[in-house]
Amino acid sequence: MPYQLAWLIFLLPMFSFIFIVFVLRLFFRSRPQLAGYTIITALSGSLILSVWALFTLLSGQEIAVPDVTWAVLDGLTIKLGLLVDPLTVVMLLVVTIVSLMVQIYSQGYMHGDAGYHRYFAWMSIFTFAMLGLVLADSLLFMFVFWEMVGLCSYLLIGFWFHKPSAANAAKKAFIVTRLGDFGFLAGILALYLNTGTFDILELHALAVSGTLAGTVLTWAAIGLFAGAAGKSAQFPLHVWLPDAMEGPTPVSALIHAATMVAAGVFLVARVFPLFEHSTQALNTVAVIGGITAIFAASIGLVMNDIKRVLAYSTISQLGYMMLGLATGGVAVGIFHLFNHAFFKALLFMGSGSVNHATGTFDMRLMGGLKKYMPRTYTTFVIGALSLAGIWPLAGFWSKDEILITSFEHQPLLFWLALITVFMTAFYMFRAVFITFGGEYRGGAPSEHGGEHHSAHPHESPGVMVWPMIFLSLLAVLSGLWNVTGHFAAFMGHGETHGFFEGLFHPFTQPLPWISLLLAGAGIFLAYAMYSKKWLSAEKIGGMFQPLYKLFSRKYFFDELYKNIIVRKVLLGGLFFIFQLFDSHVVDGAVNGSATIVRVSGGAVRRAQTGQLQLYGLFMVLGIVVIVLALYFL
Amino acid sequence: MALGLEHYLILAAVLFSIGLYGVLTRRNVVVILMCLELMLNAVNLTLVAFSRYVVPALLTGQVFAIFVMLVAAAEVSVGLAIILAIYRGTETVDTEKFNLLKW
């Protein structure tokens, strides 16, 4: 593949953005669907090029893209360049496939929305930035795109900005991720000051050769991880992601499930040699990942909003990926990212589809949708099974590898991960049974959405269903890439073996049996509680009242941040000191100079008596003084 | 006793001082204006006297004096117009009462 085409992969969505904003929005207002067709065309092009790049790399060739000089400062040349390696290509596939599916789906979901042009313009620019982030070959270039996807996330969460909850969620997402980005920037600068380069491959080489090591490496890596934790909603910066569900559902599927939140995981994978050579940094990643996995899953157990269940599930799975990266290396973590992107985007689309039919995201108002929406139901269950890690669906393969590697390297975190397997299966099938099982409970109250939604839920249009069907195929099949060990080999470690040998290999080990049994138990418990109602959910909730409260209030993290950190520490402490400084030192200087002028003016104005003769007298005295001076000097 | 330059200068100085005294002490604006005229004429007198005694062949001082009279006439007309305007507003020509802009 000619290297110029690599640039085209991420520039195509940019062209789509320009075309929508400057041509379609201005001259073709009456035909908004053109905006959708534009982005779909552009992304199809990107997808084809990405697949081409994949096959080029698979055939053993390399794609070397020469750098372009961007800026020459005094003693500092900043270059832009693309890095096309197996990791990049896998991410390209994820982003282009999911984005394309989401755009097709959006044709149905956003139909008739007043901001149709705006929606697809921002989706274009997001995809551009995300692809750029994946392709960038220097940390600086990557940071530019990193901030750009953050901006797009803000814009798209707040897409319905007339809703105060959406506007607030957008701000929250932007500010919380900014905390992590500060660490990212500090990490980049620390690396630059110590090595003089932003180039990722050069940094790899320095870390491997041991030139870059010790405290500097550890702190730089932890700084980069802080950025990753903010973007990937890792504990304790996870609070923004559940609120981000205020955005349109396709946005959640693309940005907050499959791509942008995975950027943090990608970042850690991209600079993995840096982490690999610092045990403390690697342990930090593992511990944060492990804690996040179980922590978010436990909150997911009790949420009533279907999108919130999925959001906490996403956080939990991102924690898994971090754990996988830290214990098993790039291939393990990225393989889970790869699989997760497809089935989680599918699940979000499913939740959007039921929202389309019922007008609500509250599972308590749904129920019985199996009858009305058979295709959504089928695809949703496939996604849920894949997420729960049932053999031989995609989720099983990657989750299993993470369990194995964490068992070998972090035994304590392994137990957390194992409990999470049970929780994951339970909350997903709780959602499935509440949403699709039983009798229909009426959908949204009629003041919102109206009778149109509530009376007879119906299957979503084909333009929404077909992307779900396509993704459900991937949710089944994507895991098979690594059955032979081929994915890991492509990523640079591990060796391949036969397909059937790999397919049934898990059953010769105890660990996959345990995780399968746990997942099965979770599904069964959900079945017993929410479908057959052998066990009353209320009773169990009552039995574990304090725990239930802890989970449903999200461990009081929002309260902690709002009341303690923002109110007490920031407003009460830091900002109070700033305010004192401002009101006394800064304002004091301004008011002081004004006071000096006023007081001296008050003294001098006494001379202005308004008496004509006095003025005349002083004039005469003045003349006399001048004359005397001239005469005697 | 012949009249010398010094006699003219003394007369001019006396006139000037009377004028200055009037300007600084009188309250009535019209009187102040008249005193100003006195000062101007004292100056004219010195100009003409110097011209006559120092450079008799030239008429510099005389010409200058005529200019001063001309300007003084203009000044008086403007000054009287201002006084008239103030008088219409305040019903007075007393400088003590002109205190609208006083702090």
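Chains A and B, in that order, give the protein sequences.
Residue numbers are given in our numbering: position 378 of the first sequence equals residue 378, and the series is strictly consecutive.
Position in the second sequence counted from 1, then plus 1000, gives you our numbering.
Ideal Cβ placement from N, Cα and C applies to all residues, glycine included.
- Taking the alpha carbon of residue 499(A) as the point to measure from, which residue in 515(A), 509(A), 481(A) has its own alpha carbon closest? Here residue 499(A) corresponds to residue number 499 of the first sequence, with the count starting at 1. The residue with the shortest Cα to Cα distance from residue 499(A) is 481(A).
- Task: Answer with yes or no whether the minimum CB distance from residue 1040(B) to chain C is below 8 Å.
- Result: This model lacks chain C altogether; the protein chains it does include are A and B.
- Item | Three-way DSSP call (helix, strand, coil) for residue 1093(B) in this model | In the second sequence, the residue the question calls residue 1093(B) occupies position 93. In this structure, residue 1093(B) counts as coil in the three-state DSSP scheme.
- Message: Which runs of the alpha helix (DSSP H) at least 4 residues long sit entirely within the region 185-255 of chain A? Give them in chain order.
- Response: Counting only runs that start and end inside the region 185-255 of chain A, the alpha helix (DSSP H) elements of at least 4 residues fall at 200-209, 214-231, 240-243, 249-253.
- Task: Compare the C-alpha of residue 1020(B) against each of 1042(B), 1070(B), 1094(B) and name the closest.
- Result: Position 20 of the second sequence, counting from 1, holds the residue named residue 1020(B). When the alpha-carbon of residue 1020(B) is set against those of 1042(B), 1070(B), 1094(B), the nearest one is in 1042(B).
- Message: Counting only beta-carbon separations shorter than 8 Å, does residue 612(A) have a partner in chain B?
- Response: Residue mapping note: residue 612(A) aligns to position 612 of the first sequence, counting from 1. For residue 612(A), the answer is yes, since a Cβ of chain B falls inside 8 Å of its Cβ.
- Close beta carbons around residue 195(A), own chain, < 7 Å, minus the five adjacent residues each side: Locating residue 195(A) in the first sequence gives position 195, where the first residue counts as 1. So the list reads 203, 206, 212, once near-sequence residues are dropped.
- Query: How should residue 430(A) be labelled, buried or exposed, when 16 other C-beta atoms within 10 angstroms of its C-beta is the threshold for buried?
  - Reply: Residue numbering aside, residue 430(A) sits at position 430 when the first sequence is read from its first letter. With 16 or more other Cβ atoms from the protein chains shown falling within 10 Å of its own Cβ, residue 430(A) counts as buried.
- Straight-line Cα distance separating residue 353(A) from residue 88(A): Against the first sequence, residue 88(A) aligns to sequence position 88. Against the first sequence, residue 353(A) aligns to sequence position 353. Cα-Cα distance, rounded: 31 Å.
- Message: Following a CB-centred definition, is residue 524(A) positioned closer than 7 Å to any heavy atom of the ligand ATP?
- Response: With respect to small molecules bound, the structure shown includes none, and the ligand ATP cannot be examined in it.
- Task: Would you be able to state if there are at least three C-beta pairs under 8 Å between the region 225-237 of chain A and the region 164-182 of chain A?
- Result: With contact defined as three or more Cβ pairs closer than 8 Å, the region 164-182 of chain A and the region 225-237 of chain A are in contact.
- At what residues does the alpha helix (DSSP H) containing residue 77(A) begin and finish? Counting from one through the first sequence, the residue named residue 77(A) turns up at place 77. Counting along the chain, residue 77(A) falls outside any alpha helix (DSSP H), though it belongs to the beta strand (DSSP E) covering 76-80.
- Query: Would residue 4(A) be called buried (16 or more neighbouring beta carbons within 10 Å of its own) or exposed?
  - Reply: Indexing the first sequence from 1 puts residue 4(A) at position 4. Exposure of residue 4(A) is indicated by the presence of fewer than 16 other C-beta atoms within 10 angstroms of its C-beta.
- For a contact meaning CB atoms closer than 7 Å, what does residue 616(A) contact in chain B? In the first sequence, counting from the first residue as 1, residue 616(A) sits at position 616. Ordered by position in chain B, the residues that pass the 7 Å Cβ test against residue 616(A) are 1023, 1024.
- What residue does the alpha helix (DSSP H) around residue 597(A) start on, and which one ends it? Taking the first sequence and counting its residues from 1, one reaches residue 597(A) at position 597. 587-604 is the extent of the alpha helix (DSSP H) around residue 597(A).
- Item | Rounded straight-line distance, which links the Cα of residue 310(A) to that of residue 558(A) | As a working mapping, residue 558(A) is identified with position 558 in the first sequence. As a working mapping, residue 310(A) is identified with position 310 in the first sequence. About 19 Å.
- In terms of residues, what are the limits of the alpha helix (DSSP H) holding residue 473(A)? Residue numbering aside, residue 473(A) sits at position 473 when the first sequence is read from its first letter. Membership of residue 473(A) in the alpha helix (DSSP H) is indicated by the continuous run 462-477.
- Is residue 63(A) near residue 70(A), with beta carbons less than 8 Å apart? Numbered from 1 along the first sequence, position 63 holds the residue referred to as residue 63(A). Numbered from 1 along the first sequence, position 70 holds the residue referred to as residue 70(A). No; because the gap between Cβ atoms is not below 8 Å, this pair is not in contact.
- Message: Is residue 1099(B) close to chain A? Criterion is C-beta to C-beta, closer than 8 Å.
- Response: Translated into positions along the second sequence, residue 1099(B) becomes position 99. With 8 Å as the cut-off, residue 1099(B) counts as an interface residue toward chain A.
- Item | Exposure of residue 591(A), with buried meaning 16 or more beta-carbon neighbours within 10 Å | Taking the first sequence and counting its residues from 1, the one referred to as residue 591(A) is at position 591. Residue 591(A) is exposed by the Cβ-count criterion.
- Does any residue of chain A bring its CB to less than 8 Å from the CB of residue 1095(B)? The count along the second sequence starts at 1 and reaches residue 1095(B) at position 95. Chain A contact via Cβ: present.
- Boundaries (first-last residue) of the alpha helix (DSSP H) holding residue 513(A): Translated into positions along the first sequence, residue 513(A) becomes position 513. Per DSSP, residue 513(A) belongs to the alpha helix (DSSP H) from 510-526.
- Message: If distances are taken between C-alpha atoms only, which option among 408(A), 492(A), 373(A), 566(A) comes closest to residue 465(A)?
- Response: Along the first sequence, read from residue 1 onward, the residue named residue 465(A) stands at position 465. Put simply, of 408(A), 492(A), 373(A), 566(A) the residue whose alpha carbon is nearest the alpha carbon of residue 465(A) is 373(A).
- Query: Does the Cβ-Cβ distance between residue 280(A) and residue 218(A) come in under 8 Å?
  - Reply: What you label residue 280(A) is simply residue 280 of the first sequence in a count that begins at 1. What you label residue 218(A) is simply residue 218 of the first sequence in a count that begins at 1. Yes, the Cβ-Cβ distance between residue 280(A) and residue 218(A) is below 8 Å.
- Proximity below 8 Å, CB of residue 349(A) to CB of residue 358(A): Here the question's residue 349(A) lines up with position 349 in the first sequence. Here the question's residue 358(A) lines up with position 358 in the first sequence. No.
- Query: So what does DSSP say about residue 305(A), is it helix, strand or coil?
  - Reply: Sequence index remark: in the first sequence, residue 305(A) carries index 305 (1-based). It is a strand residue.
- Query: Can you tell me the Cα-Cα spacing of residue 345(A) and residue 380(A), whole angstroms?
  - Reply: Position 345 of the first sequence, counted from the first residue, corresponds to residue 345(A). Position 380 of the first sequence, counted from the first residue, corresponds to residue 380(A). Distance between the alpha carbons of residue 345(A) and residue 380(A) is about 10 Å.
- Task: Find the residues of chain A that neighbour residue 1020(B), judging by a C-beta separation of less than 8 Å, and give them in chain order.
- Result: Counting from one through the second sequence, the residue named residue 1020(B) turns up at place 20. Against chain A, the beta carbon of residue 1020(B) has neighbours under 8 Å at 620, listed in chain order.
- Task: Report buried or exposed for residue 508(A), applying the criterion of at least 16 other Cβ atoms within 10 angstroms of its Cβ.
- Result: Working through the first sequence from its first residue, we reach residue 508(A) at position 508. Under this definition residue 508(A) is an exposed residue.
- Query: When the Cα of residue 173(A) is compared with those of 155(A), 163(A), 190(A), 184(A), which residue comes out closest?
  - Reply: Counting from one through the first sequence, the residue named residue 173(A) turns up at place 173. Answer by Cα proximity: 155(A).
- Task: Could you name the residues of the same chain whose beta carbon sits closer than 8 Å to that of residue 1022(B), not counting the 5 residues immediately before and after it, in chain order?
- Result: As a working mapping, residue 1022(B) is identified with position 22 in the second sequence. Taken in chain order, the residues that qualify are 1031, 1032, 1034, 1035, 1038.
- Query: Nearest CA to the CA of residue 518(A): which residue from 578(A), 285(A), 282(A), 417(A)?
  - Reply: As a working mapping, residue 518(A) is identified with position 518 in the first sequence. Proximity to residue 518(A) across 578(A), 285(A), 282(A), 417(A) peaks at 417(A), based on C-alpha coordinates.
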